[in-house]
Structure formats: structure tokens, C-alpha cells
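One structure is given below, encoded as C-alpha cells.
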Amino acid sequence: MAYNLKEIMAEKPSRFTSGHRMCAGCGAPAVARMILRALKKEDEAVITAATGCMEVSTFIYPYSAWTDSFIHTAFECSAATASGTEAAYKAMKRTGKIDKDKVTKFIAFGGDGGTYDIGIQSLSGAMERGHDMTYVCYDNGAYMNTGIQRSSATPRFADTTTSPAGTKVPGKMQSRKDLTQIMKEHHLPYVAQTIATVNFKDLYEKAEKAIYTEGATFLNVLAPCPRGWGYSTDMLMEINKLAVETCYWPLYEVIDGKYIVNYKPKNKLPIEQFLKPQKRFSHMFKPGNEWMIEEFQKEVDSRWQYILDLEKMTEDM
Amino acid sequence: MSIRERLSGNEAAAVAMKQINPDVVAAFPITPSTEIPQYFSSFVNNGAVDTEFVAVESEHSAMSACIGAEAAGARAMTATSANGLSLMWEMIYIASSLRLPIVMSLVNRAVSGPLNIHNDHSDAMGARDSGWIQLFSENNQEAYDNLIMAHRIAEHKDVLLPLMICQDGFITSHSIENIELIEDSDVKKFVGEYKPEHYLLNYKERIAVGPLDLQTYLFEHKRQQAEAMKNAKDVILNVSKEFEKLTGRKYSLFEEYKLEDADMAIVCMNSTAGTAKYTADILREQGIKAGVLKIRVYRPFPAKEVAEALKNIKAIAVLDKSDSLNASGGALFEDVTSAMYVNKMQNPVINYVYGIGGRDTTEEHIKTVYKDLEEIIKTGDIGNPYRYLGVRGGK
């Protein structure tokens with residue numbers, strides 16, 4: 070069936086309600102809402118979240134924005150917590166303690182701090198053990214909840230509160246970790262990189278595949294942060310679009326090891342267009358700093374080419 | 013009918029877990045508790061239990077998975093020691109605050125550093141304010157019995173707290189002793205089914221667990237936890253009575269050994285109690301009125317009852333197998349002296365830190381303690397209340 074956003078929205082009411090306290094212009098709530106829409110209406114879900122913006126803004130006692138059962142424990146263990154809920158499900162289903170006909174899906178959320186950094190051990194463990202769950206990283210490229218500190222997902226040169234663009238050191242000097250590739254190397258049945266673009270098709274379809282592929286699956290979703298990135302809140306969808314059109318954030322999936330690049334822009338836009346509206350990169354546009362933009366472009370190009378090469382390498386799989 | 017066996021403490025714990033047949037076990041190996049998940053995974057892979065065994069990549073994840081499982085509505089168990097418990101640190105507080113009756117076997121070992129794999133109680137003592145019920149076990153039989161009683165206590169509606177069963181690393185965990193096991197069917201009946209009121213996999217109601225809990229509510233939630241810990245005392249006594257009916261083995265908050273007419277007493281926990289009781293017997297033969305108070309329930313601490321039991325003792329030594337490094341005595345010493353003070357008792361009490369890092373504590377060491385107590389009774393002079401036992405470089 071062809072993807073139709075209007076139909077999906079009409080058929081499946083949001084399982085993530087309004088009234089949460091995420092910022093205007095934040096990419097994460099749209100991601101959460103759309104991913105939960107990929108659940109079959111009749112299916113149950115247990116949601117886990119790492120400590121972070123999403124958790125502290127959606128479940129402030131005694132209010133919750135989650136209509137499914139939800140658990141938060143700590144920062145670094147969204148995946149391990151979810152693995153426990155999934156193990157309980159298996160055991161209780163086996164012994165008839167819960168309804169054998171009901172299907173429950175397990176979805177764990179974490180920001181890049183809780184996923185790329187402090188939570189990578191817990192994530193790696195849960196994925197390797199093959200729990201039937203989907204881990205969703207909403208990557209906003211820094212520790213936004215504590216006030217925009219650099220993470221290993223922060224792009225090179227970005228100005229953060231622990232990698233400030235100073236007179237001697239112009240922002241974060243290290244390159245971004247490629248977590249999607251790390252997860253791919255866990256030989257999972259489904260790994261994808263996506264974003265909430267235009268009509269959410271890419272995000273929705275990948276969420277559906279991830280949730281309904283048996284075993285441990287992983288989604289890396291770029292989720293811009295207006296405070297940390299310094300764009301005006303009405304620009305969210307434009308920023309998402311530019312991330313894709315510049316190939317900063319390639320949309321691709323790896324199904325049982327086979328790479329599929331889902332979108333190849335006919336006219337790949339220069340990286341300036343993605344960087345320019347974001348205050349965290351404003352120092353790169355000062356006279357004398359042209360080299361930074363050049364370096365940034367080089368890195369984007371080589372990473373994009375790498376994904377294209379991987380697709381080619383695995384085309385006969 | 014009970015079953016006579018010969019098992020190590022670890023085997024006893026694993027057998028208890030098999031009979032309990034929990035839904036989920038998540039554990040990571042660490043000496044000296046490693047054998048527990050080892051034995052248990054063989055039960056799993058040979059179909060002796062219905063459990064889902066989660067071979068996690070760390071103790072932090074072991075406790076996280078136990079929390080996830082227990083919140084989902086399952087009975088979850090784990091086992092660890094020392095640094096394993098240290099790595100769980102963050103999560104053990106979360107387990108108790110979420111009121112999840114997870115049961116853990118803690119095979120006591122010295123917390124690093126430097127690295128040492130042998131027994132002391134620094135792991136358990138570090139967790140004494142974490143909101144877990146802590147039961148201590150003198151030998152394999154007690155480790156087994158305490159585990160069989162654990163879920164009945166932890167899951168009681170007035171309690172709903174996680175619980176750890178302590179036994180001494182190597183001394184108990186790796187020593188093979190006689191043990192009386194309960195029939196599987198009797199354990200099943202005694203432990204019963206876990207029926208949580210609210211859980212994630214309850215399809216009739218969806219719940220949210222683990223909120224951001226700010227100034228407006230956290231205090232009340234902590235107060236409720238404190239109440240639950242108070243309630244645990246009666247529940248432990250009631251479950252122990254029921255257990256006695258089943259097995260004939262009597263358990264209370266602590267064991268009073270020849271305390272009734274004693275002039276002097278040693279207060280201690282776990283395997284050292286065996287040595288202390290043995291030594292007390294020898295001294296009794298010489299006409300010295302020695303007694304022992306062995307703590308079984310350390311959290312909740314039975315303050316009033318301990319003070320009452322020590323009321324008529326002329327000199328008391330509290331043995332701590334963990335140094336609080338605070339210049340004012342070990343944890344058990346502080347608990348005992350505080351209990352006595354609050355209950356208006358001023359009997360002389362001294363503290364010994366002993367057995368650190370698996371240092372042997374023998375009958376001879378215990379004799380010197382009783383000798384010191386004798387001296388205090390004679391002279392009325394406590395001297396230094398903060399003492400060491402069996403360490404080089406003076407008392």
C-alpha cells in the first residue's frame with residue numbers, strides 16, 4: 070500500500086499526546102510520535118527512555134504524555150532496561166502469565182548522549198543479545214538536556230558549552246562518531262538512518278520495518294535542537310531538509326547487511342546551506358575561517374561516498 | 013520431607029533460585045558469586061526452569077534489566093559481589109525507589125581497591141542506605157532458607173522493596189556443608205505466584221514508571237519508602253514463623269546465642285557468628301559467661317530489639333567486617349550504639365574492625381575480644397572504643 074500521511078494520521082491516533090514540555094521547534098517529539106504511529110493499532114508497546122530532554126519533558130510526576138506503558142530508569146541504560154522488559158514478556162508469555170494472543174513491541178529511546186556515549190555499552194549489549202526490540206536514537210548532536218555540552222555525535226567545529234568556539238580553539242576539533250555504522254557491525258537484521266523529512270515517509274516506513282523485523286533493530290534519527298543548534302523554531306523542517314539535501318545526514322538502511330541508500334539528491338547542495346542558519350557554526354563564516362567550511366565539506370563528501378560505496382559493495386547480496 | 017544434601021553456599025543459592033523458578037535472571041560474572049549464574053544457566057539450558065536468563069554485559073545492565081523485568085510484571089533475580097554491586101550502585105537506588113521487589117544474592121567480598129577477591133562486608137555496608145532489605149546468612153543453610161523466604165517478604169503489599177541475601181564470599185560460598193533442602197513442591201507452595209498490582213505488561217491498564225519527580229512529590233515518595241522499610245520488620249517475622257512451621261528452622265530478626273545470662277557479648281554478622289558461638293561455648297566451659305548476638309536482619313535495623321537484647325550485658329563488642337574509614341567506628345557499631353543510646357542504655361560498647369580482605373578470623377582472635385571485654389568489666393574503663401582485630405601494626 071502506498072504511503073499516505075493523511076490516511077495514517079486518520080487511522081492511527083497519536084500514541085504520544087500533546088501537553089508534553091518539549092521546546093517549540095524541537096525535532097524529537099515529531100520523531101517519537103511518528104515512530105509510535107508505525108505500530109499496528111491493535112499492538113501493545115512498552116516504551117523505554119533514557120534520561121534526557123525527551124524523558125524529563127514527557128513524564129513529570131504525575132503527568133505522562135505516553136499512552137503506552139512507559140519506563141525510565143537512568144541515563145545510560147535505556148537499552149538494558151528495555152531488554153529486561155522484553156525478557157519478562159518472553160518468560161511470561163511462555164508460562165501463560167500474560168495473554169498469548171497479544172503482541173507487545175519494545176521500543177527504547179535515547180538521545181545521542183544516552184546512546185553514542187554513556188549508554189553505548191548498554192546498547193551494544195542489548196543489541197548483541199538479540200532482544201526483540203527497536204532502539205531509537207534521537208540524535209541532536211550534543212547533551213542538550215544539561216545545557217548543550219559536546220557529545221561524540223557533535224559535528225566537528227560546532228560551538229557547544231564544553232567545546233566553545235574560542236580564540237585559540239574554534240569549537241569541537243574532533244569528528245563525529247558514526248554510530249549507525251557501529252550498530253551495523255553488530256550484524257543486526259535491520260539498521261537505518263532517517264530523519265523527519267517532508268511527509269515523514271522515510272521515518273514512518275523505517276520505523277515500521279524496524280519494529281516489525283524480528284530481533285534487535287536500530288534507528289538513528291537526526292533530531293535538530295533549536296536551542297543547541299541556534300535556528301529559529303519555525304525552521305525545523307527546513308533544517309531537516311537541508312541535512313538530507315547536503316548529504317550531511319544520508320538516508321539509508323542496512324537490511325541483513327545489504328545497504329540501500331534511500332535518497333540520492335540530484336543536486337547535492339553545498340554544506341554552507343546546512344551550516345548557515347545554525348548559530349553553532351556562525352564562527353565558521355568569519356573571514357579567515359573558510360578552511361573550516363572546506364574541511365567540513367570534505368568530511369561530508371567522504372562519508373557520503375563511503376555509504377554509496379557500501380551500497381555498491383553489497384548490491385548483489 | 014526434607015532432602016539432605018551437601019552443597020556450597022553458591023550451590024545452595026542456585027538451588028533455591030531453581031526452586032523459586034523466577035521469570036527473569038539477569039547477571040554478570042564476578043568472583044565469588046560467579047557460580048550462581050553458572051549453575052543457574054545450566055538449569056535454564058537443561059529445561060529445569062522456565063526462566064529467561066539474560067547474560068548481560070555488565071552489572072549495571074544486570075540491575076537495569078532486573079528493574080525492567082520486575083516493572084514489566086516478572087519475578088527478577090540476580091547475583092553479584094563487591095565491585096559488581098558498586099557498578100549497580102545507581103540502579104539499586106532506582107530499584108528500591110520504584111518499589112520493585114527484586115531479589116539479589118550478594119556474596120560478600122571486599123570492594124576494590126586495591127583489588128581483592130576475598131570476603132569482607134564492604135559491599136553490603138555500602139548499600140545499607142539504598143533502600144534494600146538486607147538479610148545476612150551464617151552458612152549455606154541460612155543463605156538457602158533466606159532466599160526461599162525472600163520473595164514473600166519483598167513482594168508483601170506493605171513492603172514492596174528489593175531484598176539482598178548476603179553470605180560470606182568463599183568462606184560460605186565455596187565451602188561444602190550439609191544442608192537440608194525443602195521439596196520443590198513445598199517451595200513452590202510457600203513462595204507462591206507473583207501477582208503485582210501494577211505492571212507494564214498488564215493489558216488492562218497502561219502505566220508509566222520512573223518519572224521526573226520534583227520538589228512537589230519526591231519527599232512524600234521517599235517517606236513512603238521509609239514506611240515500607242519499617243513495615244518489613246513484622247513481615248519478616250511473620251514469614252519466618254510460617255517458614256518455621258514448614259521446616260522447623262527458627263529465624264528471627266537476629267539470633268541470641270547464650271545471651272540471656274551473659275556478662276559479655278559479641279555482635280556480628282554472617283560466618284564469623286559461627287566462630288564466635290564456638291568460642292563462646294569454650295569460654296562457657298571455663299565459667300566465663302560469653303554470648304553472641306548474630307544480626308540476621310540488618311536493614312531494616314531492629315534497633316529497639318537489639319538494644320533490648322543487650323540491656324543486661326556488662327560489656328559488648330561489635331564486630332565490623334568493613335571499615336567505614338570515618339574515625340568513629342564501623343557501620344554496625346554505629347547502628348548498635350545509636351540503638352542503645354536512643355533506648356536509654358549506656359552499657360560499655362567497643363568496636364572491632366576485622367577480617368578485611370578475607371583476613372582469617374579464628375577462635376584465638378575471638379578469645380582476645382572476650383578477654384578485652386572481661387578487662388572492661390573488671391576495670392570499668394573502655395579505653396579506645398575503636399579497635400582493630402588481626403591487623404599488623406597494633407590494635
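Each protein sequence line maps, in turn, to chains A and B. Residue 70 is where the first sequence starts when you use the numbering used here, and the numbers rise one by one after that. Residue 13 is where the second sequence starts when you use the numbering used here, and the numbers rise one by one after that. Note that beta-carbon positions come from the ideal geometry of N, C-alpha and C, so glycine has one too. Predicted, not measured: the structure shown is a model, and the values here were computed from it.
Within chain A, no C-beta atom comes nearer than 7 angstroms to that of I328(B); the closest sits roughly 41 angstroms away.
Contact between the stretch 268 to 275 of chain B and the stretch 227 to 245 of chain B is absent: fewer than three C-beta pairs spanning the two stretches fall below 8 angstroms.
Closer than 9 angstroms at the C-beta level to chain A, one finds no residue of the stretch 295 to 306 of chain B. Unbroken beta strand (DSSP E) stretches of 3 residues or longer found wholly inside the stretch 77 to 127 of chain A: 113 to 118, given in chain order. Within the stretch 236 to 260 of chain A, no residue has a Cβ lying closer than 9 angstroms to any Cβ of chain B.
Distances from the CA of R225(A) to each of T231(A), D208(A), S244(A) and T236(A) were compared; the closest alpha carbon is that of S244(A). Under the Cβ distance rule, M352(B) does not count among the residues neighbouring chain A, no pair being separated by less than 9 angstroms. For T150(A), no beta strand (DSSP E) run applies; the uninterrupted alpha helix (DSSP H) run containing it begins and ends at S147 to R163, by DSSP. In the displayed model, E69(B) falls within coil according to three-state DSSP, outside both helix and strand. Shown here, Q218(A) sits in a strand according to DSSP, grouped into three states.
Taking 4 residues as the minimum length, the alpha helix (DSSP H) runs contained wholly in the stretch 273 to 299 of chain A are 295 to 298, in order along the chain. Distance between I15(B) and I378(B), taken at the CA atoms: about 34 angstroms. If you check the CB distance, H141(A) and A118(A) come in under 9 angstroms. Of the residues C78(B), R18(B), H133(B) and G96(B), the one whose Cα lies closest to the Cα of G370(B) is H133(B). Ranked by Cα distance from E150(B), the options I177(B), Y400(B), M116(B) and Q227(B) are led by I177(B).
Cβ contact annotation for N358(A) (same chain, cutoff 8 angstroms, sequence separation greater than five): P239 and H352, in chain order.
The CB of R198(A) comes closer than 9 angstroms to the CB of V66, A67, V68 and E69 in chain B, given here in chain order. Listed along chain A is no residue with a C-beta nearer than 8 angstroms to that of R399(B); the closest approach is about 40 angstroms. Around the beta carbon of Q374(A), a 10 Å sphere encloses fewer than 16 other beta carbons of the protein chains shown; the residue is thus reported as exposed.
Contacts between K110(A) and chain B, judged by CB atoms closer than 9 angstroms, are missing: the closest CB pair is about 14 angstroms apart. Remark: C-beta atoms of Y317(A) and V330(A) do not approach each other more closely than 9 angstroms. Interface residue (Cβ-Cβ distance to chain A less than 9 angstroms): T46(B) is not classified as such.
The DSSP assignment places 259 to 264 as complete runs of the beta strand (DSSP E) inside the stretch 222 to 277 of chain A, in order along the chain (cut-off: 3 residues). In the displayed model, F313(B) falls within coil according to three-state DSSP, outside both helix and strand. Setting aside the 5 residues that flank it on each side, A244(B) is surrounded in the same chain by I145, I165, V171, L173 and P312, each with a C-beta closer than 7 angstroms to its C-beta; the list follows chain order. At a beta-carbon threshold of 8 angstroms, the residues of chain B lying near C146(A) are H72, S73, S76 and M103, ordered along the chain. Annotation: the continuous beta strand (DSSP E) that includes L147(B) extends over I145 to F148. Among the residues of chain B, those whose CB is under 7 angstroms from the CB of K171(A) are Y215, following chain order. At a cut-off of 9 angstroms between beta carbons, A39(B) makes no contact with chain A. The distance from the Cβ of G194(A) to that of V68(B) is about 6 angstroms, consistent with a contact at the 8 angstroms cut-off.
A direct Cα-to-Cα measurement between V369(A) and H130(B) gives close to 53 angstroms.
Contact with chain A is found for T63(B), since one of that chain's Cβ atoms lies less than 9 angstroms from the residue's Cβ. Relative to the Cα of V361(B), the nearest Cα in the group S336(B), A319(B) and G402(B) belongs to A319(B). The three-state reading of DSSP puts N33(B) in coil, since its state is none of H, G, I, E or B. Taking C-alpha positions only, I308(A) is separated from A74(B) by approximately 40 angstroms. In the structure shown, V61(B) falls within a coil segment according to DSSP collapsed to helix, strand and coil.
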